[in-house]
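> Pasting a structure below so you can have a look.
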Amino acid sequence: MEDRSKNNTSQRLPPIILDRKRSCWGRFCEIIGMVSHLVAISFTGFVIYLAWPLTNLFSWHPILMSIAFAFLMSESIMFFSSESTLIPKINRKSKVSYHWITMTTAIACALIGFAIIFINKVLHDKPHFKSWHGTMGLIVIIYVCLQAIGGAFQLFPKFTNKYVKLADLKLYHATSGLCLFVLVMTTLVLALYSNWTQKNTGETGWYFLLGCLMWLTTVITNQVTTEYIPRAFKKPSSQY
């Protein structure tokens, strides 16, 4: 009975009031989305500040991984958001180009960062992949390369149409990408418990980094689950 009364009340509201409510919520979401860009930049900038003046090889590892995942990967996903994109007026095809160029750059940074930590451990005769952060990092590197291959298939639909529909491939890529992003954020959170982070950040700085990661995870997860995936089921042919 209560639900019916609420629905009846909303139906009786004048169109102007409903439009105002929707516009206010839309503006709020736009603000949250735009703040996400500042959050990604702030996280990366703070990590660079902590690693400066780059006195050893290891210092490049957190910098490159932050640039790759906290900044570039986040931006590449937000290109497709109607609320947080920095390029709202360009067409879908152009957004796809920006997406794969940004992600290719992110993967390059991630691979270099991974190579640096691997070489650094060899030079110091330390074991590999003994911590949760190291193990998850290896999984992320493998996952992101496979995800990139899956995304590349979408650029050449003529070769994949025999096996899977392009609309389905796009949906799989978006869903898998969301899982990858959550895994990436989890790995970055685990990095906050590393000896390097604990040594170089105070309590305030540590919680700042954690807050940035939680913010990005929430905003981008909400974007994909509420904006892209539902539309993919309704109008798969119109998606990127």
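This note's numbering numbers the first residue of the sequence shown as 230 and each following residue consecutively. Ideal Cβ placement from N, Cα and C applies to all residues, glycine included.
Considering only residues of the segment 275–315, which uninterrupted beta strand (DSSP E) runs meet the minimum length of 3 residues and lie entirely inside it, listed in chain order?
The segment 275–315 contains no whole beta strand (DSSP E) run of 3 or more residues.
> Using three-state DSSP, classify G363 as helix, strand or coil.
In this structure, G363 counts as helix in the three-state DSSP scheme.
> Can you tell me where the alpha helix (DSSP H) with T433 in it begins and where it stops?
Unbroken alpha helix (DSSP H) run through T433: E432 to Q452.
> Which class does D397 belong to by DSSP, given the choice of helix, strand or coil?
The answer is helix: DSSP assigns D397 an H, G or I state.
> Tell me which residue opens and which closes the alpha helix (DSSP H) that T455 is part of.
It is not in any alpha helix (DSSP H) - T455 carries neither H nor E in the DSSP assignment.
> Taking the alpha carbon of S265 as the reference point, which residue from N451, T334 and I336 has its own alpha carbon closest?
Ranking N451, T334 and I336 by Cα distance to S265 puts N451 first.
> Do you know offhand how far K324's Cα is from A403's?
Answer to the nearest angstrom: the Cα atoms are 14 Å apart.
> Buried or exposed, going by whether 16 or more other CB atoms sit within 10 Å of the CB of K399?
Burial call: buried.
> For the segment 275–284 and the segment 306–317, state whether three or more C-beta atom pairs, one from each stretch, are separated by less than 8 Å.
Short answer: they don't touch.
> For P386, report the span of its alpha helix (DSSP H) as first-last.
Segment P386 to T389, the alpha helix (DSSP H) holding P386.
> According to the Cβ coordinates, are I270 and S313 closer than 9 Å?
No; because the gap between Cβ atoms is not below 9 Å, this pair is not in contact.
> Buried or exposed: where does P291 fall if 16 or more other Cβ atoms within 10 Å of its Cβ makes it buried?
With 16 or more other Cβ atoms within 10 Å, it is buried.
> To the nearest whole angstrom, what separates the beta carbons of V373 and I336, a pair I think is in contact under 8 Å?
Going by Cβ atoms, the distance from V373 to I336 rounds to 6 Å, so yes, they are a contact pair.
> Does the Cβ of H357 have 16 or more other Cβ atoms within 10 Å, making it buried, or fewer, making it exposed?
With fewer than 16 Cβ atoms within 10 Å of its Cβ, H357 is classed as exposed.
> Examine the Cβ distances between the segment 382–400 and the segment 430–450 and report whether three or more of them are shorter than 8 Å.
Contact between the segment 382–400 and the segment 430–450 is absent, because fewer than three Cβ pairs lie under 8 Å.
> Could you have a look at N320 and say whether DSSP puts it in helix, strand or coil?
If DSSP states are grouped into helix, strand and coil, N320 belongs with coil.
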